[in-house]
Amino acid sequence: MSFHYELRFSAIGGQGIITAGTLLAESVVEYKNLYAIHSPRYTAQVRGGPTKVDVIIDEKPIYFPKTTDVDFYLSTSQRSFEAYFQDIKEGAIIVLDSNLVGEFNDPKYRIYRIPIIETAAKEIGNIVTVSTLSLAITAKLTGLITLEELEDFIPKKVPKGFEEINLKAVRVGYNIV
Amino acid sequence: MSYLEYVRSFKLPHSWCPGCGIGTIMQAIVRAFDALGWKHEDIAFVTGIGCSGRMSTYINANTIHTTHGRPLAFATGIKLAKPDKHVVVVSGDGDALAIGGNHFIHAARRNIDIKLIIINNSVYGMTGGQVSPTTPQKFKTQTTPYGNIEPNFDVIKLAIGAGATFVARESVTRPRNLEKLIEKSFHHKGFSVVEAISNCHINLGRRNKLKDQITMLRWINDRIIPMNVAKKKSPEEIKDKIILGLFHEDKERKEYTELYEEEIINRARGKE
Amino acid sequence: MRKVMPGNETIAHAAIAAGCRFFAGYPITPSSELAAAMSYLLPKVGGKFIQMEDEIASMAAAIGASITGEKSMTATSGPGFSLKQEHIGLACMMEVPVVIVNVMRGGPSTGLPTHPAQGDIMQARWGTHGDHPIIAVAPSLPREIYLETIRAFNLAEQYRNPVILLLDEILGHTYEVVDIPEPGEYDIINRKLPPKGLNRLDFYTYQRDEGDPPLLPNFFMGYNFHFESLAHDEMGFPTTDPEKVDRITRLREAKIEKNKEKIWKNHLLMVEDADTVIIAIGSVARSAIAAVEMARKEGIKLGLFRPITVWPFPDEPLREAITEKQRVIVAEMNLGQLKGEVEKALRREVEGLNKVNGVPISPKEILEKVKEGK
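Here is the structure:
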C-alpha cells in the first residue's frame, strides 16, 4: 500500500483552522512532491457556525476525494468536534484545544490537549497566527513537513508585515507538543 | 445617403397591420441613423418578441431578433464586447416592462450606452390583445373582459428612478418630433430611453370603441401634451394627460463600458 | 506548471487559455468560484466579465458577445441551468458558439446546493424545447477538466453550437493538484468566418453541405447579417415554409450527428477481459477507477467505460466495447439517467447503482455492488 494520509480540521467559522488545512495541502505538494486535495465544507454560516476541512495526502493521484479513514483530527470547538467526529481511524491522532473542547478520553486514539487559541493570542501575541500555529502542531505530530520547510513556506503565504510573528508561531507550535 | 439605405427593402412589404404606428417609428429611427451618418455595419440593432420585435428583419444593419423580454440583456453583451459600436434596442411595452422589466431597470442602473426605444401601444398586439403593464385602467382586452383594474407603469419615472441618463417621450402622432427626439437620444452617451406612444387599433382599439387608425390616433392626440405647454397648465388640467418631451438628461454620469475600461481593465493590468 | 486549485478555478484558467474573452454570470452555489475567478482573470487579458441581473440575462449576454466574435462562457448550477434553457435553445437555433458550465448539485428545485448530484444529464440534452443539437462533456480528473474546457470551446467554435461542460459539486469544490498543460499540448480552434468584402446577397450563410456548420459572419464584419430566433431560411430571415424549416432543422442536427465520431471521447479501463464493466461519468467515474484498482488486486475482473463526451451519447463505442456476456453496472448520482441511454445503446437491461442523497458513491460501494452478484 502506498503512502496515504487523511486529516481533518474542525472549528467555528472564522477561527482560522480551515486555513491550516489548506496550507498543509499546499506545503506537501510544494515540498514533498505528493498529491494532496482539500475539500472545505460549505455552510451558510460563515462566521460562528461549525466548519471543517478534510485533507487527503497520497503519493499517487487521488481518485476518491472524500475521507474514509481519518488519521489525524484537530479541533478547536466542542460543537464542531462532535459534529464532524466520523470515520476517525483507530489509533488516530486527535488534537483538541484544551480550553474549548471538554474532557474526551478514549484509549482507541492518541489524544493531545493544547491551548491553541490562547497560545496564539497570548504567547505569540496575535490571534491571526492560529492557522500557522495549528499547521506547525500538525507538522510536528505527523512528520508530514519539516520545521525548515515551514520556515521557508510560511513567509510566502502570509500578508506582508506578518512574516515574523508567523515564524514565531511555527517555532512555538513545534515546541509546544 | 438616403435613409432607405438603412432598410432591407428586399424584405418588404412588412408584416404589420395597415395603420400601425410601428412603421412611423421605424421611419423615425432610420431617418435618425441617416441624420447622424452612422455606418450601418457599425450598428447592432436588437429586438425582442412581439410586433416590435419584427423590426430587426427590416433594418439594414447587424440585427438580432432575440427572445421575449431579453433584448437588453443580449445588447449588454454586444456593447460590453464591442464598446465602440452603436447598439440600439427596440422593445414593446410588454417586452420591456413586463417580462423584461428586470433587464430594463438594470441596464438603466448600469448606464450602459444602449439606445432603447420602447414602442408603447398599451397592449400585447401579436398574441391577440392581452393586457400589458401600460394598458389604461378600465380598458377591455382579451384577458380583461371585465375591464383592466391594474394601474400602469410610468415609464418615465421608472427609467429615471432606475438610473437612465436620457429619458424622453414622444408620440407617433408627431413623427417629426419623434425623429428629432430619437436622434437626440442617439447622440447621448449612456443608457437612453425613448418611450414612443403608439396605436394598436386592431387588438386594443376595437375592444374599446377605437377600432380604426384615425379614431385611435385622435384619441392619442387628445391625451398628449407637449412639456412646454404642460408647464403653463395647472396640475388639475394635466392630470390625465401624457406629457411629451425630454424629462431627464444627465451628461455627467460615466457610461458603463468607459468605466469598465478605465477602472477595471486598467486596475487589473496594474496601471491605475 | 503545478497548482493546487478547485475545479471551478481550473475551468477559469483553461477558458482564458482557450481564448475566452467574455463571461457573464450570476451567483449560484456550487459554481460561484468560477465567476469569481473570471472576474479577476479576464480583465488582465483585456477580456470582459459582467455579473448580470439574473441567469437568463447572463446566458443572453454571453450569446450577445459571441455574435460579435468573442469566445464567451457562462456558468451555473441546478436552478440556474433551468433558467438558462430558453437561451441555450436560441444559441442552438442561431448556431452561436457558447460554453455553458453546469456544476451539478442535488435537485429538483433548490435541492442540495452544497452537495453533489448528476441529475442534469437529461436536462443537458433535452432541457430546452424543440429538436436541437447539443454537445456535453463531463471530465473527471483535474488536468482533464482543464483540457476538456479547452475542447468545449473548440467544439463550440468548430460546430457553431452551445457546448455544456458538466461538473458536479465535488469536482467544482475540491482543491487538488492540477498539472497545467503547456500551450503546445492542445489545439485551439477558432470559428471559420466568411472572407471580408463579399456581396452579402451572393452568399447564403445558413446554406451548407449536410454535416457542415454554417459559415456565418460576426457582427460588424460588414455583412449586416440577421440572427433570428424564429425558424429561418438559408439567409437567416423568418420563414414558415415547411420545406425550408424542415431542411434547416435537419441540417442543424446533422452537423453534430455526422461528426459524432470526432466528438466522442471515452476512457476505457481494463474493459476487454472484464467480467463486469462499470459505466460512470464525472466524480463517480473517479470512484470507479479506484474500484477497478481495488478489484483487480483481489482478482476480480472489473473494468470501466467512462464517457467523457456525454452528448452525443457514445452508443456505437459502447456496443463495440462491451460484449453480450459482460455484466454492466451503471453507477450514477441520479435514478438512472445514464442507465436508460446505456440500455438503449446495448439493447438490453443493465444494472444500476444509484444514489440521490447528496453523498458521493465511494469505491467501496461500487466494489460491494460488484461482489454482491446479479
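Chains as they are written, first to last, in the numbering used here: chain Z, 1 to 177; chain X, 1001 to 1272; chain E, 2001 to 2374. Note that CB positions come from ideal geometry on N, CA and C, so glycine has one too.
For E6(Z), none of the residues of chain E pass the 9 Å Cβ criterion, the least Cβ distance being about 13 Å. Distances from the alpha-carbon of D87(Z) to those of A169(Z), I116(Z), L7(Z) put L7(Z) closest. Taking all protein chains in view, the Cβ of Q2118(E) is crowded by 16 or more other Cβ atoms within 10 Å, so the residue is classified as buried.
Below the 8 Å Cβ cutoff, chain E contributes A2060, A2061, I2063, G2064 as neighbours of F1074(X), in chain order. Contact between H1068(X) and D1095(X) holds: their C-beta atoms lie close to 6 Å from each other, under 8 Å. Around the beta carbon of P1145(X), a 10 Å sphere encloses fewer than 16 other beta carbons of the protein chains shown; the residue is thus reported as exposed. For S39(Z), the closest Cβ of chain E is nearer than 8 Å.
Going by beta carbons, Y112(Z) and V95(Z) fall inside the 8 Å limit. The segment 1190-1206 of chain X makes contact with the segment 1109-1129 of chain X, as at least three CB pairs between them are under 8 Å. L1244(X) has its alpha-carbon roughly 7 Å from the corresponding atom of I1224(X). Exposure of T2240(E) is indicated by the presence of fewer than 16 other C-beta atoms within 10 angstroms of its C-beta.
Counted as a single uninterrupted DSSP element, the beta strand (DSSP E) harbouring G1245(X) occupies residues 1242-1249. Looking at the DSSP output, V2178(E) sits in a beta bridge with K2003(E). Apart from the 5 residues on each side of it in sequence, L1080(X) sits with its Cβ closer than 8 Å to the Cβ of I1112, Y1256, T1257, Y1260 in its chain, given in chain order. Uninterrupted beta strand (DSSP E) stretches at least 3 residues long and entirely within the segment 2070-2142 of chain E occur at 2071-2076, 2098-2106, 2112-2116, 2135-2137, given in chain order.
Taking 8 Å as the threshold, the shortest C-beta distance from K66(Z) to chain E falls below it. Listed in chain order, the beta strand (DSSP E) runs fully inside the segment 12-58 of chain Z are 35-40, 50-58, counting runs of at least 3 residues. As summarised for the segment 1185-1253 of chain X, the continuous alpha helix (DSSP H) elements at least 4 residues long and confined to that stretch are 1213-1223, 1227-1230, given in chain order.
Under the Cβ criterion of 8 Å, A2291(E) is not counted among the residues facing chain X. Taking a contact to require three or more Cβ pairs closer than 8 Å, the segment 2040-2051 of chain E and the segment 2003-2017 of chain E qualify as touching. Counted as a single uninterrupted DSSP element, the beta strand (DSSP E) harbouring D97(Z) occupies residues 88-97. Residues of chain E with a Cβ closer than 9 Å to the Cβ of Y35(Z) are, in chain order, E2176, V2177. T22(Z) reaches chain E at V2004, Y2175, counting residues in chain order whose Cβ is nearer than 9 Å. In this structure, DSSP gives I1043(X) an extended state, which the three-state scheme calls strand. At least one CB of chain Z lies nearer than 8 Å to the CB of S2287(E). Against chain X, the CB of E2086(E) has a partner CB under 8 Å away; the residue lies at that interface. Taken atom to atom, the span from the alpha-carbon of G125(Z) to that of P2116(E) is near 41 Å. Comparing alpha-carbon positions, the option among C1051(X), R1109(X), R1206(X), F1045(X) lying closest to G1021(X) turns out to be C1051(X). Assigned with DSSP and collapsed to three states, N2266(E) falls in strand. If you check the CB distance, A2138(E) and L2166(E) come in under 8 Å. For chain E, none of the residues of the segment 46-57 of chain Z brings a beta carbon within less than 7 Å of one of its beta carbons.
Counting along the chain, no beta strand (DSSP E) covers P1071(X); the unbroken alpha helix (DSSP H) around it starts and ends at 1071-1081. Taking a beta-carbon distance threshold of 8 Å, K2369(E) does not count as an interface residue toward chain X.
Look at K157(Z) here: in three-state DSSP terms it is helix. Within 8 Å of the CB of E1236(X), no CB atom of chain E is found; the nearest one sits about 39 Å away. By the 16-neighbour rule on beta-carbons within 10 angstroms, G2046(E) is exposed.
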